Amino acid sequence: MSANSAFNDEKGGSSSVGEPEYGHDPASGGIFSSDYKRHDDLKEMLDSNKDSLKLEAMKRIVAMIARGKNTSDLFPAVVKNVACKNIEVKKLVYVYLVRYAEEQQDLALLSISTFQRGLKDPNQLIRASALRVLSSIRVTIIVPIMMLAIKEAASDMSPYVRKTAAHAIPKLYSLDPEQKDQLIEVIEKLLADKTTLVAGSVVMAFEEVCPERIDLIHKNYRKLCNLLIDVEEWGQVVIINMLTRYARTQFLNPNMNESLLEEGSDKTFYGSDEDEEEEEEEEEEKDKKAEAPAMAKRKPYVMDPDHRLLLRNTKPLLQSRNAAVVMAVAQLYFHLAPKAEVGVIAKALVRLLRSHSEVQYVVLQNVATMSIKRRGMFEPYLKSFYIRSTDPTQIKVLKLEVLTNLANETNISTILREFQTYIKSMDKDFVAATIQAIGRCATNIGEVRDTCLNGLVQLLSNRDELVVAESVVVIKKLLQMQPEKHSDIIKHMAKLTDNIQVPMARASILWLIGEYCEHVPKIAPDVLRKMAKSFTNEEDIVKLQIINLAAKLYLTNSKQTKLLTQYVLNLAKYDQNYDIRDRARFIRQLIVPTEKSGALSKYAKKLFLALKPAPVLESPFKDRDHFQLGSLSHLLNAKAGGYQELPDWPEAAPDPSVRNVEVPEWTKCSSREKRKEKKVEKPFYSDSEGESGPTESADSESDSASSSESGSGIEESGSGSESEESEEGSESEEEEEEEKEKDKKKKKKELKKPVQESESEQSSEEERKHERKSKQRKSESESESDEEEESESESSQSESEDSESEAEVKKKKKAAESKPSSKPVKKDNKKEKKEMSLLDLDDFEPAPSPQATPVNAFLSNSLATDLEGLSLSDAVLSPATISPSSALKSYEMLHRITGEGLSVEYCFSRQPFSPDANMVAVQMQFTNNATSDTKNLHMEDVKLQSGMRVKEFPEIELLPAGEMVTAVMGIDFCDSTQAANFQLCTHTRKFFVSIQPPVGELMRPIFLTENEFKKEQEKLLLGQLMGMNEITEKLTLDVKCRNEHSIVQRVTTAANLSRVPCGSDKECSPPVPPPDHPVHRFAGRTVTSSSLVLVTVATKEEGAAKLTINCEKMVIGTMLVKDILLALTQ
Amino acid sequence: MIHSLFLINASGDIFLEKHWKSVVSRSVCDYFFEAQERATEPENVPPVIPTPHHYLISVLRHRIYFVAVIQSEVPPLFVIEFLHRVVDTFQDYFGVCTEAAIKDNVVVVYELLEEMLDNGFPLATESNILKELIKPPTILRTMVNTITGSTNVGEQLPTGQLSVVPWRRTGVKYTNNEAYFDVVEEIDAIIDKSGSTITAEIQGVIDACVKLTGMPDLTLSFMNPRLLDDVSFHPCVRFKRWEAERILSFIPPDGNFRLLSYHVSSQNLVAIPVYIKHNITFREGSSQGRFDLTLGPKQTMGKAVESVLVSSQLPRGVLNANLNPTQGTYTFDPVTKAGRTPAEVGSRSAGSDAPPARLAHTAREVERLKVNRLDMYGEKYKPFKGIKYMTKAGKFQRDDLVCITGVSTLTYETVTLEPSSIITFTSAGPN
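In the order they appear, the protein sequences are chains A and B.
Take the first sequence: its position 317, counted from the start at 1, is 316 in numbering that gives the first Met the number 0, and no numbers get skipped.
Take the second sequence: its position 251, counted from the start at 1, is 250 in numbering that gives the first Met the number 0, and no numbers get skipped.
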């Protein structure tokens, strides 16, 4: 754009061309006389070397942009500064660039290279901001560059960059819709992302680019549900709205049975007397509730567990501070929840009525729609909808609407009393709306019809004409229902024609008199006489009604009114309005018999005096709920651009298994074991029934469930696999491949083995297998619920890793238990890893299950043979890994003396605490040294630091004298070494006790190969933004502790870590440490936050060693260093 | 999502525009002006206005209309809530959100808007993140900036955006560690003409001002948490903990924030600490009338009712009114016809006509929310803790005064003062 046109634009159409308005524009400074040079000073400043001058210039330019002035002629001067060092200048240049790039495409290209450089920056924030600006520049030529940048950023390491990539997708799409297919690929990839930061943004991109591709959601559905509570509020709104649509396509209508019933009841409804209909409806409502279970028996409806998951995970969001989130959840419940559960949203919506008036406006619109469908829901909150005189009119009218919808015979008297007050308001629009509302109440509720009518008639003597006019109109509608009873009212209204001037009201009165002229035979002709007199001065609608009145009177009482009618028709014949002329001609032909008048005149009476149906006064919000509530389209009652229809419920549920997330391992396994699978199948599903749908299992019947459950069973196991599909999936891929290989080998051997092994063993193996599956599922469902409980849990990824490591601990435990018989099993961690997938037994009781021994015996045998083929680098290693479980350190909780005979010791059993993976299991041993029995041993009054949780041990009813009992409780220490304080209560006494964990117990071992270990270590070091992640200490090893075995043992005793095998994968680990100075590595994750804990002990000559600990949690790191240091040097 | 934003002042000037996607001509606001003309009162402009190609969603705050232009389906509350958040942020930054303040800080405003939305979708709305990105302008900083040439834009990269607690920035340091909590309760009530309460409800909030070093983890427990059955929380509150133990556990944002707001519904009967009576007479044959309003404290168990403010909206027809309170002072605004008499304690009569009478007071008889204790974990120092309780009047209104019937036809002209501390007014209308 040239400077000249720019100037003209800037003037915003002011007529005085050529006279610059300097006064309005401080940026121009008023120094330059020529228009063309008016930005020269700015250009000069931008070209200068001083940042302060540049900044000043940019500020002035931005101020001009803000006021809508055109500054596009400065583009070249500004763009030059895109690489400026000063951050604020840079930012302002970005603002300018994004605003004008579209207009100056060629010049804008100059800046692209700067951003491309930024995309490669090691700092994630710079990468993100470069991508953000690059994608905001609407220049078509750079589409390929943008595409490339987005693709790259979508697989960036930093979630923040990935979020920015998600934001960039709709930008690119709006610039070039051709890219849709490629963008969908990126969206698909990002949808699989497991961080909360990305979730909201990518769903927003999904909604803008491909809302119809609902199939992309399947695999991510459960993850989105679980992440929802931790997503930022704006993302929550978008996700909830999308999930509502998704759920409508994938699940069955939870109110199916009720809607069937409703249909049935509708018949009686219409057949019933008007006066009773309300009552009946109420009763029916009750009936429905009573009948529902019966109906359910006939046609069982079982809610899909995924459907339940969505409802459960969105509910807490009703307490969000963000009205949009609350509304989104409310509409989700309205559209998706079973009728009995929808009620929970009412309270939250009513709370929103205290917010800003704009929020009230939107909420009330939605409440109005909901209150028609589900009146009972808002009835308890009736008073919250009472109108305050300070409310803006539009709010008042909406509240009135809600009050009217809520009216029934029980509350109508209170509501009418309220309405009476409102009529006295000064706000005339509101008064008119109130009178309308009274009319609607009267039509809907038969009992109060007369009361309302009387009240309205009283209003006819109101001093305010508007009130009177509105009343007349409403009375007219009411009278149509039972005219015969109310001839006195009609008479009264006839009298009003002298006074009332409002045309609509006059027209209504005339229509009434005409319609019911038989009830007022004496007055009607007189009214017509008066009207004929004033005909020429009336408004058009009144004139039409006068003609109507005349025609009707002529037909009923032609003797008195013949002349009058003809007079009126003559006047109308020459009226200015053609409608009136037409009407007059038409009516004359109909009613006045002439030779030419056709056959119709015979039927004139029937035509004019036919019985007219009474009008139905309906809410304008009726049936608005076919629009998704809370949407713009619903508010406007018209489809807005880009609105996605809310689909109807499907007739039959689509395959729920599409939401399963596939796990390579699982499928491989199943294909291998197909034969076995089949045998296993039945108990597997029936076994799992209780877990799969805790909420629904009650109403689901076992026989019908088995079929429906089989589907959900598959999907549950699928979700189990989700947990295994961790972020580092690609890394572990090869591993898995390797394992598979080994698995196969093992399988082969297994197949051979059973011949030698006894039959029972095989069956036990099978049992174990099936148990493992169900356990796997169990643990999965647990981890799912865990996540829900633990709002801070960062992502499902960590969760899955938890369960993985949990499995590992378990496995180790198992191994430990079977130690004497199966030594070789522990030879190799590799082996253990493989075993994990098979041996994911997850016992609830800490005591070894009786099954465990034979199982392990078997396993060890097969493994032993298996292991023979493997070269082991160090045989001493494995026992050390196990040893800590045998050397559990126990701590005293309650001394025998203070406990008056009761003594309690506790130790950290290092077993996963199965009810909650985030908890540390604490095993307690109660010993009763007293002479009397102790009863009702339980805990009370748990005092915890924030974030910590405790799962209490079950109450011990009786501890006989001299006996010993163990119990296990779980504590989530939240990765801190704060003590958990509580009271230990017996039937007589209470003892204050506390449990303080050593830092080493706050983690659980995980298995890593040396390579993985190094990678993770590097990752931790790279991500130094989060603070120092590495702590190094030099130490001299204790004399007794210089051999490998003792080092490993001491470290694993001090902390619950697992040894990283070294040298087992030599081909990938580059420098093998010299054998005389071995490096020992240990890995674990903290229990609550699943942060990696990596410990390296590098030994050197003469007992010197270097201890390195890498951990995101600095506190844990430092404490751990101290502990391990102590352990190694003592 | 949000395409553009226009800020329009009371006189109908567009004084700021910002576009996040391609530029939308400001002529789109003409539809808004039309709607504004149709509406009699400023607050009656519909929040959502459809136009042929766009939809305008507006909020009115501080006599400024914030008009967002959107092009396709988006939940209206989403936009409304966001616009209010924008206003809150401005208020947070500049102390007030007036046209003058926005114009003075137009660059900061622009930078803020740029950060808050990306392509029309909210990006950073947490005030702590924003403050990390763009420092709020203070006099001192402006001076330092002019001298040293440094800027308002944060030098550090906003790491807050990346953290798990996006509402709190890292590296906060204070010499005095303090945490203050204000428990403010407002009573809303409607009283009918006989003086009985039709509905009364309590709306409470806990506003906090937390200035603590590091990453403190606070827990707040209540004596009577059962009062809180309808609550909304700041996102920092751990919801599960609340569900399980009725304890508020949170890592607080730095500075001022609203921790929670709650609502005690009308089911629990709320006693109003004052009574109110009225009387209206019209003088025969003249257009004058007299309106008495008597207001007195009920039993308040020895607590004083403080800062009572009676405000009353007179009908348009009133030309003038003279008010005569027994206690305190009064004002009469001939433009809005609102009479107000603030006073201290005791019984008084204040004059004016028509329903709404607002009262502010600081005592009530019902049980109120009480904080039990506040604990801090995660940091070593001992903070100073303070909790303050306040009760305010919300929308407290006298409903249903007899006089309203037909009052709009009266014109009140003069008002005579009488020693009996009762307000009289004369009416010059036909009645």
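Idealized CB from N, CA, C, for every residue including glycine.
Quick caveat: nothing in here was measured; it's all calculated off a predicted structure.
- Within the model, the alpha-carbon separation for residue 931 of chain A versus residue 889 of chain A is close to 26 Å.
- Counting other Cβ atoms within 10 Å of its Cβ, residue 174 of chain B stays below 16 and is therefore classed as exposed.
- Straight through space, the alpha carbons of residue 250 of chain A and residue 653 of chain A are spaced by roughly 7 Å.
- Taking the beta carbon of residue 445 of chain A as reference, no residue of chain B falls within 7 Å; the closest one sits roughly 26 Å away.
- For residue 573 of chain A, there is no enclosing alpha helix (DSSP H), as DSSP marks it with neither H nor E.
- In the three-state DSSP reduction, residue 1102 of chain A falls in the helix class (H, G or I).
- Under the Cβ criterion of 8 Å, residue 70 of chain B is counted among the residues facing chain A.
- In this structure residue 349 of chain A does not touch residue 232 of chain A by the C-beta definition: roughly 20 Å separates them, more than the 8 Å allowed.
- Its Cα nearest to that of residue 99 of chain A, the residue A:74 stands out among A:118, A:121, A:74, A:120.
- Interface criterion not met: the Cβ of residue 220 of chain B is under 8 Å from no Cβ in chain A.
- Contact residues of the region 246 to 262 of chain B toward chain A are 246, 248, 249, 250, 257, 259, 260, 261, 262 (C-beta to C-beta distance below 9 Å).
- For residue 1113 of chain A, no chain B residue has a C-beta closer than 8 Å to its own C-beta; the minimum C-beta separation is roughly 12 Å.
- Three or more Cβ pairs closer than 8 Å define a contact, and the region 200 to 213 of chain A meets that threshold against the region 181 to 192 of chain A.
- Annotation for residue 54 of chain B: the continuous beta strand (DSSP E) segment containing it runs 54 to 60.
- Among the bridge pairs identified by DSSP, residue 451 of chain A is matched with none.
- Using a CB distance cut-off of 8 Å, residue 353 of chain A counts as an interface residue toward chain B.
- By the C-beta density criterion, residue 961 of chain A is exposed, having fewer than 16 other C-beta atoms within 10 angstroms.
- When B:368, B:377, B:1, B:389 are compared, the shortest CA-CA separation from residue 170 of chain A is found for B:1.
- In this structure, A:1095 is the residue among A:412, A:1084, A:1095, A:1087 with its C-alpha nearest to the C-alpha of residue 1078 of chain A.
- Under the Cβ criterion of 8 Å, residue 618 of chain A is not counted among the residues facing chain B.
- Residues of chain A with a Cβ closer than 7 Å to the Cβ of residue 49 of chain B are, in chain order, 635.
- Between residue 1124 of chain A and residue 1029 of chain A, the C-beta gap is not smaller than 8 Å, which leaves the two residues out of contact.
- The Cβ neighbour count for residue 1085 of chain A, taken over all protein chains shown within 10 Å, is at least 16; the residue is labelled buried.
- When CB distances to chain A are screened at a threshold of 7 Å, the residues of the region 83 to 98 of chain B falling below it are 83, in chain order.
- Residues of the region 976 to 1008 of chain A with a Cβ closer than 8 Å to any Cβ of chain B, in chain order: 977.
- Non-local C-beta neighbours of residue 75 of chain B in its own chain, meaning closer than 8 Å and more than five positions away in sequence, comprise 46, 47, 56, ordered along the chain.
- Residue 918 of chain A is not a Cβ neighbour of residue 984 of chain A, given a cutoff of 8 Å.
- When DSSP states are grouped into helix, strand and coil, residue 132 of chain B belongs to the helix group.
- By the neighbour-count definition (other C-beta atoms within 10 Å, threshold 16), residue 359 of chain A is a buried residue.
- Taken atom to atom, the span from the alpha-carbon of residue 454 of chain A to that of residue 357 of chain A is near 34 Å.
- Cβ-Cβ separation between residue 110 of chain A and residue 61 of chain A: approximately 17 Å, too far for a contact (criterion under 8 Å).
- Around the beta carbon of residue 896 of chain A, fewer than 16 other beta carbons sit within 10 angstroms, so the residue counts as exposed.
- When Cβ pairs closer than 8 Å are counted between the two stretches, the region 60 to 72 of chain B is seen not to touch the region 401 to 410 of chain A, the count staying below three.
- 379, 380, 382, 383, 385, 387, 388, 389, 391, 392, 393: these are the residues of the region 363 to 393 of chain A whose beta carbon lies less than 8 Å from some beta carbon of chain B, given in chain order.
- Scanning the region 111 to 158 of chain A for uninterrupted beta strand (DSSP E) segments of 3 residues or longer gives nothing; none is fully contained.
- For the region 636 to 658 of chain A, the beta-carbon criterion of a distance under 9 Å to any beta-carbon of chain B is satisfied by 637, 638, 639, 640, 641, 642, 643.
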